[in-house]
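Chemist: So in this note's numbering, spot 185 of the first sequence is number 401, and the numbers just go up one at a time.
We put the beta carbon where it would ideally sit given N, CA and C, even for glycine.
Bear in mind the structure is a predicted one, so any value in this text is a computation, not a measurement.
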Amino acid sequence: MNSRIFALVDCNNFYVSCERVFNPKLENKPTVVLSNNDGCVIARSQEVKDLGVTMGAPIFKLKELVEREKINVYSANFPLYGDMSHRVMATISEFVPDVEIYSIDEAFLDLTNLRVPDLTKFCIKLRKTIYKWTGIPVSIGVAPTKTLAKAANKLAKKQFRDIGVFNFFEHLGNEEEFLKLIPVGDLWGVGRAYTKFLNQHNINNAFELKSLDIGYVKQVMTVAGERLVMELNGEPCYLLEKNPKLKKNIAFTRSFGEYQTKLDQVEEAVAYFSRKIGEKLRKEKELAQFLQVFILTNFHNKNLPQYHNSVIIKLERPTNNSITLIKEALRGLKYIFKDGYQYKKAGVISLGLIPESHRQYDFFCDPNDEKYLQKDLMATLDKINFEVNSDSVKFAAEGVSRKWWMNQTKKSQRYTTNWKELPKAIAE
DNA sequence: TCTGGGGTCCTAGGACCC
DNA sequence: TCTGGGGTCCTAGGACCC
217 MNSRIFALVD
227 CNNFYVSCER
237 VFNPKLENKP
247 TVVLSNNDGC
257 VIARSQEVKD
267 LGVTMGAPIF
277 KLKELVEREK
287 INVYSANFPL
297 YGDMSHRVMA
307 TISEFVPDVE
317 IYSIDEAFLD
327 LTNLRVPDLT
337 KFCIKLRKTI
347 YKWTGIPVSI
357 GVAPTKTLAK
367 AANKLAKKQF
377 RDIGVFNFFE
387 HLGNEEEFLK
397 LIPVGDLWGV
407 GRAYTKFLNQ
417 HNINNAFELK
427 SLDIGYVKQV
437 MTVAGERLVM
447 ELNGEPCYLL
457 EKNPKLKKNI
467 AFTRSFGEYQ
477 TKLDQVEEAV
487 AYFSRKIGEK
497 LRKEKELAQF
507 LQVFILTNFH
517 NKNLPQYHNS
527 VIIKLERPTN
537 NSITLIKEAL
547 RGLKYIFKDG
557 YQYKKAGVIS
567 LGLIPESHRQ
577 YDFFCDPNDE
587 KYLQKDLMAT
597 LDKINFEVNS
607 DSVKFAAEGV
617 SRKWWMNQTK
627 KSQRYTTNWK
637 ELPKAIAE
């Protein structure tokens, strides 16, 4: 029997909590953070959840509610959230050696070999420390599998909100009671489609799913469903993944602030996206073998003529050279761009990524000839753009007008990542 | 008027081969 | 009317995650 102890640490309303750290007046006030382009709600404070606002709700539909309830609205400030995430993860790592950073606001911990007298007390203390050191409130779930740790975290957030910790090991023997409190749709791996299906078959909570015949579950929910039921029964299928896997795709896509109709404007956007792809690839030390470019009109607006298209380009040699990426992406764009449409969004995706160190040398190419990557030039650009300002050095193809740039009218400052925007302490 | 962005994994079905 | 039987590889689409 190879039993393990997993914990999931999840930041509460993460983006809203980040805004609150630097603007304490938002504490206990209904607050939301919007997606890029100020389109829809991507983070809600508890007060806003209680008002019934759903994740992803378009903000323009909530105008009245925002005014009536005096909801504080913020544009997304990802550099700030990324930096705060870093601080939370660093704090956790001070106390636990086995940490998997699962997303910007979540970490799995393996506590199996952590010799502490009382797991629950340890987690309560960890939670308090994270809050003290970073200002971010978190919830912690503890259980014998990752899926159950996720479920425990839901309980910690709802039924056990005052302590913020739920430890399944304290309730061995009567898990049933707690699993019945968790709707199937709240489980890790059960999305909209499966929730609908399961509900139609009268499977409504985690206990009912756990009790199903595993062969049946595999048949209707494939292997992911099979693993899910095993995990609910306390058999770990997923272990801690400490070393982040290399990415297989890297994308940069954006909606435009206003419709774009002209090729040259879309070209500027695509050139910018391509440079960003190059930067990301070099940061990950990967090379792309293919590049995909796509453009879309606004599919929400049924009154406008619709068009969407994409093209995949095989790169002559695997590369992360921004200059090559821009050139190839623009070639692709010309191929799919059609006049007469109002474009709302475009994107560039690099595919077939391979590690720089595993580059398959071209048969005809001298193995020492990596000139085409222009490593020194790219390293210099990166040094300036990463250390000074991400847009210090651009390429001519990106243009300067940026007519496509997104709308972000309610952005907080970059309190932690830009010297000019550090919070000021004002004596009153 | 106004609806995000970035990922992963799995499967079915077609093309192709012997 | 009957119309082989495997394999493998690739891709599109769907499901999920945050």
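Which partner residues does Tyr290 have in the DSSP bridge list?
Modeler: Within the first sequence, residue 290 is the residue found at index 74, counting from 1. Partner(s): Val249.
Chemist: Output needed for Met446: all residues of its chain with C-beta closer than 6 angstroms, excluding positions within five of it in sequence on either side, in chain order.
Modeler: The sequence position of residue 446 within the first sequence is 230, counting from 1. So the list reads Cys453, once near-sequence residues are dropped.
Chemist: Specify the secondary structure class of Ala273 as computed by DSSP and reduced to three states.
Modeler: Counting from 1 along the first sequence, the entry for residue 273 is found at position 57. Three-state result, Ala273: coil.
Chemist: Where Ala323 and Ser251 are concerned, what is the direct C-alpha to C-alpha distance, given to the nearest angstrom?
Modeler: Reading the first sequence from its first residue, position 107 is the one you call residue 323. Reading the first sequence from its first residue, position 35 is the one you call residue 251. Cα to Cα, Ala323 sits roughly 23 angstroms from Ser251.
Chemist: At which residue ranges does the region 420-508 contain complete beta strand (DSSP E) runs of 3 or more residues, listed in the order of the chain?
Modeler: Scanning the region 420-508 from its first residue to its last, the whole beta strand (DSSP E) runs of 3-plus residues come out as 466-476.
Chemist: How big is the Cα-Cα spacing for Asn536 and Gln508?
Modeler: By one-based count along the first sequence, residue 536 stands at place 320. By one-based count along the first sequence, residue 508 stands at place 292. Roughly 14 angstroms separates the two Cα atoms.
Chemist: So, are the CB atoms of Glu495 and Glu572 less than 9 angstroms apart?
Modeler: Counting from 1 along the first sequence, the entry for residue 495 is found at position 279. Counting from 1 along the first sequence, the entry for residue 572 is found at position 356. Cβ distance not < 9 angstroms, so Glu495 and Glu572 don't count as in contact.
Chemist: What runs of the beta strand (DSSP E), each 3 residues or longer, lie entirely inside the region 350-405?
Modeler: 354-359, 381-383
Chemist: Measure the alpha-carbon distance for Ile542 versus Ser617 and round it to whole angstroms.
Modeler: If you number the first sequence from 1, residue 542 lands on position 326. If you number the first sequence from 1, residue 617 lands on position 401. Computed Cα separation, rounded: 18 angstroms.
Chemist: In this structure, what does DSSP give as the bridge partners for Ser233?
Modeler: Counting from 1 along the first sequence, the entry for residue 233 is found at position 17. According to DSSP, Ser233 bridges with nothing at all.
Chemist: By the DSSP assignment, the beta strand (DSSP E) with Ser566 in it spans what residues?
Modeler: Working through the first sequence from its first residue, we reach residue 566 at position 350. Counting along the chain, the unbroken beta strand (DSSP E) around Ser566 starts and ends at 559-567.
Chemist: Rounded to whole angstroms, what's the CA-CA distance from Glu644 to Tyr231? Just pull it up for me.
Modeler: Mapped onto the first sequence, residue 644 falls at position 428. Mapped onto the first sequence, residue 231 falls at position 15. With a pLDDT of 44 at Glu644, under the threshold of 50, the modelled position of this residue cannot be trusted; read the value that follows with caution. The alpha-carbon atoms of Glu644 and Tyr231 are separated by roughly 28 angstroms.
Chemist: When you compare each of Lys554, Ile466, Asn634 to Val482 by their alpha carbons, which one comes out closest?
Modeler: The residue given as residue 482 occupies position 266 in the first sequence. Per the Cα distances, Lys554.
Chemist: Do three or more CB pairs link the region 354-364 to the region 395-411 at distances below 8 angstroms?
Modeler: yes
Chemist: Kindly list the residues whose CB is nearer than 8 angstroms to the CB of Lys463, restricted to its own chain and excluding five residues on each side of it in sequence; keep chain order.
Modeler: Start at 1 with the first residue of the first sequence, and residue 463 comes out as number 247. Hits under 8 angstroms: Glu500, Glu502, Leu569.
Chemist: Can you confirm whether the region 240-254 touches the region 276-291 when touching is taken to mean that 3 or more C-beta pairs between the two stretches lie within less than 8 angstroms?
Modeler: yes
Chemist: How many angstroms separate the CA atom of Ser233 from the CA atom of Ser301?
Modeler: The residue labelled residue 233 in the question sits at position 17 within the first sequence. The residue labelled residue 301 in the question sits at position 85 within the first sequence. For Ser233 and Ser301, the distance between alpha carbons rounds to 11 angstroms.
Chemist: Alpha carbon to alpha carbon, how far is Ala292 from Tyr631? Give it in angstroms, no decimals.
Modeler: On the first sequence, residue 631 is found 415 positions in, with the first residue counted as 1. On the first sequence, residue 292 is found 76 positions in, with the first residue counted as 1. Approximately 13 angstroms between the Cα atoms of the pair.
Chemist: Am I right that Val490 and Val564 are in contact with their C-beta atoms under 8 angstroms? What's the rounded C-beta distance?
Modeler: The residue given as residue 490 occupies position 274 in the first sequence. The residue given as residue 564 occupies position 348 in the first sequence. The sequence as given places Ser at residue 490; Val does not occur at that position. Taking C-beta atoms under 8 angstroms as the contact rule, Ser490 and Val564 qualify, at a distance of about 5 angstroms.
Chemist: Give me, in chain order, the residues of the same chain whose beta-carbon lies closer than 8 angstroms to that of Asp607; leave out the 5 immediate sequence neighbours on both sides.
Modeler: Walking along the first sequence from the start, residue 607 turns up at place 391. For Asp607, where only same-chain residues beyond five positions count, the Cβ hits under 8 angstroms are Asn601.
Chemist: Can the beta-carbon of Glu316 be found less than 9 angstroms from the beta-carbon of Glu457?
Modeler: The count along the first sequence starts at 1 and reaches residue 316 at position 100. The count along the first sequence starts at 1 and reaches residue 457 at position 241. It is a contact, given that the beta carbons lie within the stated cut-off.
Chemist: Shortest alpha-carbon distance to Gln505 belongs to which of Leu567, Asp334, Arg377?
Modeler: Position 289 of the first sequence, counting from 1, holds the residue named residue 505. Sorting Leu567, Asp334, Arg377 by C-alpha distance to the C-alpha of Gln505 places Leu567 at the top.
Chemist: Would you kindly work out how many angstroms separate the C-alpha atoms of Ser355 and Asn415, rounded to a whole number?
Modeler: Numbered from its first residue, the first sequence carries residue 355 at position 139. Numbered from its first residue, the first sequence carries residue 415 at position 199. Cα-Cα distance, rounded: 28 angstroms.
Chemist: Do the region 335-346 and the region 375-384 meet, that is, are 3 or more Cβ pairs less than 8 angstroms apart?
Modeler: yes
Chemist: On a Cα-Cα basis, can you pick out the residue from Ser628, Arg220, Asn514 that is closest to Thr328?
Modeler: Sequence index remark: in the first sequence, residue 328 carries index 112 (1-based). Ranked by Cα distance from Thr328, the options Ser628, Arg220, Asn514 are led by Arg220.
Chemist: Classify Thr540 as buried or exposed, calling it buried when 16 or more other Cβ atoms lie within 10 Å of its own Cβ.
Modeler: Position 324 of the first sequence, counting from 1, holds the residue named residue 540. In this structure Thr540 is buried. Its beta-carbon is surrounded by 16 or more other beta-carbon atoms within 10 angstroms.
Chemist: Can you give me the start and stop residues for the beta strand (DSSP E) that Arg284 sits inside?
Modeler: Along the first sequence, one-based indexing puts residue 284 at 68. Not the beta strand (DSSP E): Arg284 falls in the alpha helix (DSSP H), residues 279-284.
Chemist: Just to confirm, is the Cβ distance from Asn421 to Ile398 under 9 angstroms?
Modeler: Translated into the one-based positions of the first sequence, residue 421 becomes position 205. Translated into the one-based positions of the first sequence, residue 398 becomes position 182. Contact: yes.
Chemist: Give me, in chain order, the residues of the same chain whose beta-carbon lies closer than 6 angstroms to that of Thr633; leave out the 5 immediate sequence neighbours on both sides.
Modeler: Position 417 of the first sequence, counted from the start, is the residue given in the question as residue 633. Counting only Cβ-Cβ distances below 6 angstroms, and skipping sequence neighbours, we find Pro295, Asp299.
Chemist: Among the candidates Arg470, Val225, Phe394, whose CA atom is the shortest distance from the CA of Ser309?
Modeler: On the first sequence, position 93 is the one that residue 309 refers to. Ranking the options by Cα distance to Ser309, first place goes to Val225.
Chemist: For the beta strand (DSSP E) containing Ala409, list its first residue and its last residue.
Modeler: Here residue 409 corresponds to residue number 193 of the first sequence, with the count starting at 1. From DSSP, Ala409 is part of no beta strand (DSSP E) but of the alpha helix (DSSP H) over 408-416.
Chemist: Have a look at Glu637 and Ala367 and give me their C-alpha separation to the nearest angstrom.
Modeler: Walking along the first sequence from the start, residue 637 turns up at place 421. Walking along the first sequence from the start, residue 367 turns up at place 151. Their backbone Cα atoms lie some 39 angstroms apart in a straight line.
Chemist: Decide if Cys227 is buried, meaning its Cβ has at least 16 other Cβ atoms within 10 Å, or exposed.
Modeler: As a working mapping, residue 227 is identified with position 11 in the first sequence. It counts as buried.
Chemist: In the DSSP assignment, what residue or residues form a beta bridge with Cys256?
Modeler: The residue given as residue 256 occupies position 40 in the first sequence. According to DSSP, which records beta bridges pairwise, Cys256 is partnered with Pro274.
Chemist: Hey, could you find the ends of the alpha helix (DSSP H) Val264 is sitting in?
Modeler: By one-based count along the first sequence, residue 264 stands at place 48. That run of the alpha helix (DSSP H) goes 262-266.
Chemist: Within its chain, find whatever has a CB closer than 6 angstroms to the CB of Leu479; leave out the 5 residues flanking it on each side and keep chain order.
Modeler: As a position in the first sequence, residue 479 is number 263, starting the count at 1. Excluding sequence neighbours, Leu479 sits near Phe553.
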